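Inspection log for the structure reproduced underneath, given as structure tokens.
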Amino acid sequence: MSRQTEDERLLHTDPYRQVHDFTHTDTWRVLRIMGEFVEGFENMAGLGPAVSIFGSARIPPASPIYAAATETARLLAQAGFTIITGGGPGLMEAANKGARAGGGRSVGCTIELPFETGANPFVDLEVRFRYFFIRKIMFVKYAQAFVIFPGGFGTLDELFEALTLIQTGKIHDFPVILYGSDFWQGMLDWARNTLLAHGTIAQTDIDRLLICDDPQQICAHVVQSYQHRHGKRGTEPWTH
12 MSRQTEDERL
22 LHTDPYRQVH
32 DFTHTDTWRV
42 LRIMGEFVEG
52 FENMAGLGPA
62 VSIFGSARIP
72 PASPIYAAAT
82 ETARLLAQAG
92 FTIITGGGPG
102 LMEAANKGAR
112 AGGGRSVGCT
122 IELPFETGAN
132 PFVDLEVRFR
142 YFFIRKIMFV
152 KYAQAFVIFP
162 GGFGTLDELF
172 EALTLIQTGK
182 IHDFPVILYG
192 SDFWQGMLDW
202 ARNTLLAHGT
212 IAQTDIDRLL
222 ICDDPQQICA
232 HVVQSYQHRH
242 GKRGTEPWTH
């Protein structure tokens, strides 16, 4: 039987013990949450310009997608960006590997899970989290862009979180780039033919997404967006 994580303890409360849990457990848990925010801010505040890269933990190193994630991160690192991932295996490992190969900082925001594997060996700075929602804030707060490779529910969660924050004006001028047209085009077609057709999203929501199959084009788009936001500061490599 797997051990219970802090997220599980927070979300699964016995309705017959709610008053007891609130007065004796949940209020103290708030302090732990505050402490996790502080620790995350302190560890990540000095990263400089960064890009968060997401993708499946199940993609093996022999996959062309793994190679593409490594190359994308390498190019971004050479351009001066810190690379932030979830710190796990698969495409997260690929991105951290590319960051190190490109001479950049390689950050892994790992999460407490029932079956932990630990950070991949290419993470230079590991920031550990108990709560998913705090971890997600760090991914957005310290990134200049999201680059999203093929993945499952966790990857989709990060994608739609970013799109919702953009749509509601919580973040601005934030590129969201999807690698792999063969993987993502069906989702965009569904969004256009179903969500847009029913009026539940606007065309501008779809226009914010860029599908790209070329790591060099991804890097160029991120750099161009950063330069547009920050002017001449984006024309030279950044120091870390």
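Residue 12 is where the sequence shown starts when you use the numbering used here, and the numbers rise one by one after that.
We treat Cβ as the ideally placed atom computed from N, Cα and C, and that holds for glycine.
What you are looking at is a predicted structure, and each value in this text was computed from that prediction instead of being measured.
Where the beta strand (DSSP E) containing residue i begins and where it ends
{"i": "Leu-220", "result": "220-223"}
{"i": "Thr-175", "result": "From DSSP, Thr-175 is part of no beta strand (DSSP E) but of the alpha helix (DSSP H) over 164-178."}
{"i": "Arg-240", "result": "Counting along the chain, Arg-240 falls outside any beta strand (DSSP E), though it belongs to the alpha helix (DSSP H) covering 226-241."}
{"i": "Leu-189", "result": "187-190"}
{"i": "Phe-157", "result": "156-159"}
Nearest to residue i (by Cα), restricted to the options the options
{"i": "Pro-125", "options": "Gln-238, Tyr-237, Gly-51, Thr-16", "result": "Thr-16"}
{"i": "Phe-171", "options": "Ala-78, Leu-220, Glu-137, Gly-113", "result": "Leu-220"}
{"i": "Leu-189", "options": "Gly-59, Thr-205, Thr-175, Thr-166", "result": "Thr-166"}
{"i": "Thr-279", "options": "Val-151, Asp-135, Gly-99", "result": "Because the chain here runs from 12 to 251, residue 279 falls outside it and cannot be looked at."}
{"i": "Ile-212", "options": "Ile-182, Thr-175, Arg-116, Asp-224", "result": "Thr-175"}
{"i": "Glu-47", "options": "Pro-60, Arg-139, Ala-68", "result": "Arg-139"}
{"i": "Leu-58", "options": "Gly-191, Gln-214, Gly-115", "result": "Gly-115"}
{"i": "Ile-70", "options": "Met-103, Ile-64, Ala-88, Met-55", "result": "Met-103"}
{"i": "Pro-161", "options": "Ser-74, Ile-148, Arg-146, Leu-207", "result": "Ser-74"}
Per DSSP, the bridge partner or partners of residue i
{"i": "Val-151", "result": "DSSP output for Val-151 lists no bridge partner at all."}
{"i": "Thr-96", "result": "Gly-119"}
Residue range of the unbroken alpha helix (DSSP H) whose run includes residue i
{"i": "Leu-207", "result": "Taken as a continuous stretch (DSSP letters only), Leu-207 belongs to no alpha helix (DSSP H), as it is neither H nor E."}
Length of the line joining the Cα atoms of residue i and residue j
{"i": "Thr-144", "j": "Gln-228", "result": "In the sequence as presented, Thr is not what sits at residue 144; that position holds Phe. Cα-Cα distance, rounded: 31 Å."}
{"i": "Ser-235", "j": "Thr-121", "result": "First, the amino acid is wrong: residue 235 is Gln here, not Ser. If I take the Cα positions, the gap works out to 29 Å."}
{"i": "Gly-199", "j": "Trp-39", "result": "Residue 199 is actually Leu in this sequence, not Gly. Those two C-alpha atoms are separated by around 43 Å."}
{"i": "Ala-231", "j": "Ala-90", "result": "9 Å"}
{"i": "Phe-52", "j": "Val-62", "result": "16 Å"}
{"i": "Gly-242", "j": "Phe-150", "result": "23 Å"}
{"i": "His-251", "j": "His-209", "result": "For His-251, the predicted model reports a pLDDT of 38, less than 50, meaning its position is unreliable; a value from the coordinates is still stated below. Their backbone Cα atoms lie some 46 Å apart in a straight line."}
Whole-number beta carbon distance between residue j and residue i, since they are thought to touch under 8 Å
{"i": "Thr-83", "j": "Gly-109", "result": "7 Å"}
{"i": "Phe-92", "j": "Phe-157", "result": "With 8 Å as the limit, Phe-92 and Phe-157 do not qualify as a contact, their Cβ atoms being about 12 Å apart."}
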